[in-house]
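Trainee: Take any residue in the sequence shown, note its place counting from 1, add 1, and you have its number in the numbering used here.
Quick one: this structure, given as structure tokens, is what I'll be asking you about.
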Amino acid sequence: MVGLGALRNMIRPFARTVLNRSVERFPLGISSASSTSSTPELSIINFRMSMLILGENMGCLKLLSDHYFYVLDILASEANKRKVQVQEAKRKKVEKRVERKMAAVARDRAWPVRLAQLQQLEAAKAAKS
Numbered sequence: 002m003v004g005l006g007a008l009r010n011m012i013r014p015f016a017r018t019v020l021n022r023s024v025e026r027f028p029l030g031i032s033s034a035s036s037t038s039s040t041p042e043l044s045i046i047n048f049r050m051s052m053l054i055l056g057e058n059m060g061c062l063k064l065l066s067d068h069y070f071y072v073l074d075i076l077a078s079e080a081n082k083r084k085v086q087v088q089e090a091k092r093k094k095v096e097k098r099v100e101r102k103m104a105a106v107a108r109d110r111a112w113p114v115r116l117a118q119l120q121q122l123e124a125a126k127a128a129k130s
């Protein structure tokens with residue numbers, strides 16, 4: 002029975018020769034699409050390289066960064082508007098609370114005067130009858 006180590010040792014040289022032959026076919030580094038797509042490692046590397054921003058795509062990067070900062074500016078302005086609205090609502094709420102307190106104080110101060118007037122009216126009615 003052959004162990005896994007022996008199988009691995011038999012497969013590795015074979016894989017190395019296949020990769021070396023594909024590289025030897027194109028010694029100048031010019032490769033066709035069939036040779037790059039045949040091995041998954043190379044296709045993954047090519048995919049990752051295509052994600053990099055290279056010289057010809059720098060304009061695209063500039064547009065993306067401009068768009069990114071434009072969106073950030075919009076979000077910041079919306080946040081500032083919301084902040085101003087919340088501050089305005091809080092200010093109005095505090096003003097109404099102060100007005101209610103002032104009205105309560107005025108009622109408390111006016112109550113003894115009103116009580117004295119009512120007592121005078123009752124005394125006048127009692128004197129007439």
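The beta-carbon is built from N, C-alpha and C at its ideal position, and this holds for glycine as well.
Bear in mind that the values here come from a model prediction, so they are computed numbers and not experimental data.
Go through its chain and collect everything with a Cβ distance to R9's Cβ below 8 Å, but skip five positions before and after it.
Mentor: The answer is none, since no qualifying residue turns up.
Trainee: Helix or strand or just coil, what does DSSP make of S66?
Mentor: S66: helix per DSSP, three-state reduction.
Trainee: Can you tell me whether A127 sits near the ligand ADP, meaning its C-beta is under 6 Å from at least one heavy atom of the ligand?
Mentor: This structure lacks the ligand ADP, and indeed carries no ligand of any kind.
Trainee: Look up S130 in the DSSP assignment and say whether it is helix, strand or coil.
Mentor: The answer is coil: DSSP assigns S130 none of H, G, I, E or B.
Trainee: Tell me the rounded alpha-carbon separation between V106 and K91.
Mentor: For V106 and K91, the distance between alpha carbons rounds to 23 Å.
Trainee: Residues in the same chain with beta-carbon distance under 6 Å from R108, minus the five sequence neighbours each way, listed in chain order, please.
Mentor: Cβ within range, chain order: n/a, list empty.
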